[in-house]
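Peer 1:
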Amino acid sequence: MKIIRIVVYMVLMLGLAGLEVAAFVLGGEITFAASVAWRVVGMALLIRIVLSEVWNLVQDLKTKKLLTDAAFLLILLPFIITIGNLSFSDISPESALQIQAGFEAAAKRDLGYTETAFIGYPARQYVLAAVPSVLFGKSVLTFHLGYAYMFLLGMVCFFRGIREKLRKEGYNESLALIPVSMIAAFPFITEYYMFFEQTIMPVSLALLGVSFFFFTEDSENPAEFLFLGWIGALMSVSYVPALAGLGLLLAALGLRALIALIKKKKASVTYVLLNLGCFFYVGAAGAATFIVGRTDRVSEHQDVLSHPVQYLLQLFGRTFFGEGVDFWGIFIAFTIVYIILGLVGVFKIWGVMCSLWFIGVIVVADYLVGYREYDRITNMQRQMVLVPVLAVCLFNAGLLLYKKLKLDAKLGQKVKKIGFVLVVAVFFATGLFNFQRKHHSFYYFSYIQPLKTIMAWIDETNPLENKKLLLITDSKLERNIQDYKYFYPESTKAKAVGTAEFDGKTAYDYIFTEAPLPEELVKDYVFEERTTFIVRYRKKVTVYRYTHR
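Numbering (the numbering used here), first residue to last: 5 to 553.
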């Protein structure tokens with residue numbers, strides 16, 4: 005029976021790998037077939053996560069572990085309540101373009117499976133982001149959910165994956181709250197999460213990837229390896245930093261198979277085949293996107309090869325002691341120590357691999373320019389993919405130190421409980437602070453708060469079918485009204501002009517502006533006003549809607 009399962013699994017993985025390659029190379033009906041297979045496995049993965057979570061909650065209820073689940077929900081709560089909450093969160097013009105592109109691709113027979121959308125990035129990730137809008141209609145809530153639900157699924161799996169690993173190793177499962185609470189304590193995570201844009205997708209996939217890597221540890225369940233392969237394959241058609249996660253996953257799968265062979269466990273042959281099947285599927289999916297040539301400009305880079313040593317010294321100086329300090333938050337010292345100790349083998353082969361990967365991500369994130377050259381601190385958002393892995397590594401290092409110092413025997417139960425609660429509380433409080441802080445790395449959004457308020461107003465009233473919409477503003481950053489097509493129907497005629505260009509004569513159905521216009525210009529108009537307080541920017545925004553009599 006086991007042999008049959010393995011044969012079926014290997015045929016399935018090789019078939020999915022072949023479909024991925026053929027879809028990019030041959031196209032046509034093969035692309036449609038590949039998209040159907042991708043949808044089926046993705047739906048199965050979602051069902052597995054939901055049913056597994058329900059089952060785990062029932063088991064926690066029986067074993068009286070619901071307090072741990074309640075604490076996890078508290079950690080997750082800030083991520084949930086910011087969805088659709090424009091006092092905290094933003095409406096990104098790039099995200100509006102991305103989800104609109106996903107909405108259009110979702111209407112295609114093959115979902116635009118091998119196509120590109122927003123400035124040359126793969127379209128498939130945008131189809132996933134558009135799912136809430138396709139299912140429940142367009143709104144600020146479904147707009148934010150597009151990128152939020154993947155992140156939240158990742159956090160749920162991350163929590164369960166670490167709990168399962170701790171249980172297998174004989175630790176208290178509640179300790180999983182520590183690495184989970186660490187995620188929001190990294191300042192960039194909360195900041196870019198509230199953009200609800202593709203920059204958070206690699207983090208979401210890293211959370212899922214780490215989780216299913218733990219689920220498949222010492223497992224002979226082919227379905228779990230299939231899901232891990234699907235997640236890894238998705239990394240190849242997501243925002244470019246996800247490729248770093250794909251690379252680490254391939255290295256980890258290969259290393260795990262090698263270790264299983266060396267140790268010659270009873271299940272080593274089966275286990276090795278499961279890992280190799282997943283490796284081949286993920287590797288083929290990644291290679292397929294390069295066969296036809298990627299259009300997301302992963303190859304453009306800075307000219308630093310003439311002075312590599314100087315460049316690396318300057319890079320790590322900026323990253324850990326200069327302007328990049330804000331990325332690491334309270335974990336900067338721990339990160340530096342871990343990387344150094346990991347490189348010298350203190351955390352064995354896994355520590356060496358992860359430390360080298362951290363360094364690689366830092367270098368490549370800075371070295372590759374991408375489609376637009378931002379300032380150095382903004383470029384560090386490309387490093388966010390390493391946060392879930394780093395959180396696990398730092399947590400494991402803490403457990404190792406705990407064991408080395410034999411603190412379990414030295415500390416009383418009360419002291420251990422208080423210490424655990426304090427650690428989680430500090431990380432949680434740091435995360436809450438990060439949720440309400442001002443932007444430190446991407447200032448653009450602080451200048452488009454009026455436009456964000458206008459989009460929210462349009463979302464609530466939604467009277468714009470076959471209407472003419474005018475935005476009056478002197479801000480160049482708010483003149484890109486066409487980027488926000490997601491928020492109004494295709495039939496709406498939208499235009500943005502400066503205050504000097506508005507003559508008050510042309511009949512528009514709805515006119516929005518940031519400030520009252522001179523009286524002589526608005527004789528034929530009545531207006532409503534709305535004032536919104538933007539919590540994170542500590543500013544009050546007033547916008548006006550003029551309606552023709």
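Using N, Cα and C, we set each Cβ at its ideal position, and we do this for glycine too.
I need the DSSP call for ARG534, collapsed to helix, strand or coil.
Peer 2: Taking the sequence shown and counting its residues from 1, the one referred to as residue 534 is at position 530. It is a strand residue.
Peer 1: Sort ALA289, ILE235 and MET384 by Cα distance to VAL29 and report the nearest one.
Peer 2: Indexing the sequence shown from 1 puts residue 29 at position 25. Among ALA289, ILE235 and MET384, the Cα nearest to that of VAL29 belongs to ALA289.
Peer 1: Decide if LEU481 is buried, meaning its Cβ has at least 16 other Cβ atoms within 10 Å, or exposed.
Peer 2: One-based indexing of the sequence shown puts residue 481 at position 477. When all chains shown are included, LEU481 counts as exposed.
Peer 1: Using the C-alpha atoms, what's the distance from SER450 back to ILE263?
Peer 2: As a working note, residue 263 is residue 259 in the sequence shown. As a working note, residue 450 is residue 446 in the sequence shown. About 50 Å.
Peer 1: LYS323 and ILE366 look like a contact to me (Cβ under 8 Å); what is the Cβ gap, rounded to whole Å?
Peer 2: As a position in the sequence shown, residue 323 is number 319, starting the count at 1. As a position in the sequence shown, residue 366 is number 362, starting the count at 1. One detail in the question is off: residue 323 reads as Thr in this sequence, not Lys. That belief holds up - the Cβ atoms of THR323 and ILE366 are roughly 6 Å apart, short of 8 Å.
Peer 1: Beta carbon of LYS268: closer than 7 Å to some heavy atom of the ligand MG?
Peer 2: For the ligand MG, the structure offers nothing, since it holds no ligand at all.
Peer 1: Go through the stretch 434 to 512 residue by residue and report every complete run of the beta strand (DSSP E) that reaches 3 residues or more, in order.
Peer 2: 472 to 476 and 497 to 501
Peer 1: By DSSP, does THR35 sit in helix, in strand, or in coil?
Peer 2: Taking the sequence shown and counting its residues from 1, the one referred to as residue 35 is at position 31. In the structure shown, THR35 sits in a helix (DSSP, three-state: H, G or I).
Peer 1: Hey, PRO454 and VAL368: beta-carbon distance below 8 Å or not?
Peer 2: Your numbering for residue 454 matches position 450 in the sequence shown. Your numbering for residue 368 matches position 364 in the sequence shown. Contact flag unset, no.
Peer 1: Determine the DSSP secondary structure at PRO126, reduced to helix, strand or coil.
Peer 2: Within the sequence shown, residue 126 is the residue found at index 122, counting from 1. Three-state DSSP puts PRO126 in a strand.
Peer 1: Would you kindly work out how many angstroms separate the C-alpha atoms of VAL296 and GLY106, rounded to a whole number?
Peer 2: Taking the sequence shown and counting its residues from 1, the one referred to as residue 296 is at position 292. Taking the sequence shown and counting its residues from 1, the one referred to as residue 106 is at position 102. VAL296 and GLY106: Cα-Cα distance of roughly 21 Å.
Peer 1: Cutting at 7 Å between CB atoms, please list the residues of its own chain near GLY423, excluding the five before and the five after it.
Peer 2: Position 419 of the sequence shown, counted from the first residue, corresponds to residue 423. There are no such residues.
Peer 1: Leaving out five residues on either side along the sequence, give the residues of the same chain with a beta carbon under 6 Å from the beta carbon of PHE431.
Peer 2: Locating residue 431 in the sequence shown gives position 427, counting from the first residue. The answer, listed in chain order, is SER185, MET186 and ALA189.
Peer 1: For ILE34, which residues from the same chain have a beta carbon less than 8 Å from its beta carbon, with the 5 sequence-adjacent residues on both sides left out?
Peer 2: Counting from one through the sequence shown, the residue named residue 34 turns up at place 30. Cβ within range, chain order: LEU23, ALA26 and ALA27.
Peer 1: Just the C-alpha distance for GLN318 and VAL329, rounded to the nearest angstrom, thanks.
Peer 2: For the purposes of this step, residue 318 is taken as residue 314 along the sequence shown, with counting starting at 1. For the purposes of this step, residue 329 is taken as residue 325 along the sequence shown, with counting starting at 1. Straight-line Cα distance between these residues: approximately 14 Å.
Peer 1: For TYR243, name the three-state secondary structure that DSSP assigns.
Peer 2: Position 239 of the sequence shown, counted from the first residue, corresponds to residue 243. TYR243: coil per DSSP, three-state reduction.
Peer 1: Can you tell me whether SER91 is buried or exposed? The criterion is at least 16 other CB atoms within 10 Å of its CB, across all chains shown.
Peer 2: Within the sequence shown, the letter at position 87 stands for residue 91. The residue in question, SER91, is exposed, as its Cβ has fewer than 16 Cβ neighbours within 10 Å.
Peer 1: Pull up the distance between the alpha-carbon of LEU77 and that of ILE87, whole angstroms please.
Peer 2: Within the sequence shown, the letter at position 73 stands for residue 77. Within the sequence shown, the letter at position 83 stands for residue 87. Approximately 15 Å, taken between the alpha carbons.
Peer 1: Determine the DSSP secondary structure at ARG298, reduced to helix, strand or coil.
Peer 2: Locating residue 298 in the sequence shown gives position 294, where the first residue counts as 1. Assigned with DSSP and collapsed to three states, ARG298 falls in coil, not helix or strand.
Peer 1: Taking the CB atoms as reference points, tell me whether PHE351 and LEU360 lie closer together than 8 Å.
Peer 2: Residue mapping note: residue 351 aligns to position 347 of the sequence shown, counting from 1. Residue mapping note: residue 360 aligns to position 356 of the sequence shown, counting from 1. Result no, Cβ atoms of PHE351 and LEU360 do not sit closer than 8 Å.
Peer 1: Run the CB neighbour count on PHE331, radius 10 Å, all protein chains shown included, and call it buried at 16 or more, exposed below.
Peer 2: What you label residue 331 is simply residue 327 of the sequence shown in a count that begins at 1. Buried, since its Cβ has 16 or more Cβ neighbours within 10 Å.
Peer 1: Is PRO245 near VAL389, with beta carbons less than 8 Å apart?
Peer 2: As a first step, residue 245 is located in the sequence shown; it is residue number 241 there, counting from the start. As a first step, residue 389 is located in the sequence shown; it is residue number 385 there, counting from the start. Contact: yes.
Peer 1: May I have the straight-line CA-CA distance separating ALA111 from GLY435, to the nearest angstrom?
Peer 2: In the sequence shown, residue 111 corresponds to position 107, counting from 1. In the sequence shown, residue 435 corresponds to position 431, counting from 1. Taking the straight line from one Cα to the other gives about 38 Å.
Peer 1: Is it buried or exposed for ILE51, if we count other Cβ within 10 angstroms and need 16 for buried?
Peer 2: Here residue 51 is taken as the residue at index 47 of the sequence shown, counted from 1. Answer is exposed; the Cβ neighbour count stays below 16.
Peer 1: Excluding five sequence neighbours on each side, which residues of the same chain lie with their C-beta closer than 7 Å to the C-beta of PRO520?
Peer 2: Locating residue 520 in the sequence shown gives position 516, counting from the first residue. The residues are TYR548.
Peer 1: Find out if the Cβ-Cβ distance for the pair GLN202, TYR125 is shorter than 8 Å.
Peer 2: Reading the sequence shown from its first residue, position 198 is the one you call residue 202. Reading the sequence shown from its first residue, position 121 is the one you call residue 125. A contact, by the Cβ cut-off of 8 Å.
Peer 1: Check whether the Cβ atoms of GLY150 and ALA134 sit closer than 8 Å, and answer yes or no.
Peer 2: Within the sequence shown, numbered from 1, the residue matching residue 150 stands at position 146. Within the sequence shown, numbered from 1, the residue matching residue 134 stands at position 130. In this structure, ALA134 lies closer than 8 Å to GLY150 by Cβ.
Peer 1: Near TYR243, which residues of its chain fall below 6 Å by C-beta distance, leaving aside the five closest residues on each side in sequence?
Peer 2: For the purposes of this step, residue 243 is identified with residue 239 of the sequence shown, where counting begins at 1. So the qualifying residues of the chain are GLN202, MET205 and PRO206.
Peer 1: Determine the DSSP secondary structure at LEU65, reduced to helix, strand or coil.
Peer 2: Locating residue 65 in the sequence shown gives position 61, where the first residue counts as 1. LEU65: helix per DSSP, three-state reduction.
Peer 1: Near TYR488, what residues of its chain come up, given a Cβ to Cβ distance below 7 Å and the 5 sequence neighbours on each side ignored?
Peer 2: Mapped onto the sequence shown, residue 488 falls at position 484. Closer than 7 Å at the Cβ level, and outside the excluded window around TYR488, lie PRO97, ALA100 and MET459.
Peer 1: Helix, strand or coil, according to DSSP, for TYR550 in the structure here?
Peer 2: Taking the sequence shown and counting its residues from 1, one reaches residue 550 at position 546. Note: TYR550 maps to strand in three-state DSSP.
Peer 1: Between the C-alpha atoms of ALA210 and GLY502, what's the straight-line distance to the nearest angstrom?
Peer 2: Within the sequence shown, residue 210 is the residue found at index 206, counting from 1. Within the sequence shown, residue 502 is the residue found at index 498, counting from 1. Straight across, the Cα-Cα distance linking ALA210 with GLY502 is about 44 Å.
Peer 1: Nearest-angstrom Cα distance between CYS282 and MET384?
Peer 2: Here residue 282 is taken as the residue at index 278 of the sequence shown, counted from 1. Here residue 384 is taken as the residue at index 380 of the sequence shown, counted from 1. Taking the straight line joining both Cα atoms gives about 30 Å.
Peer 1: With a CB to CB cut of under 6 Å and the five nearest residues on each side skipped, what residues in its chain are close to LEU4?
Peer 2: Residue 4 is absent from the structure shown; the chain starts at 5 and stops at 553.
Peer 1: Taking the Cβ atom as the reference point for each residue, do PHE2 and ILE79 lie within a distance shorter than 8 Å?
Peer 2: This structure cannot speak to residue 2, because the chain is shown only from 5 to 553.
Peer 1: Helix, strand or coil for THR86, going by three-state DSSP, please let me know.
Peer 2: As a first step, residue 86 must be located in the sequence shown, where it is residue number 82. If DSSP states are grouped into helix, strand and coil, THR86 belongs with coil.
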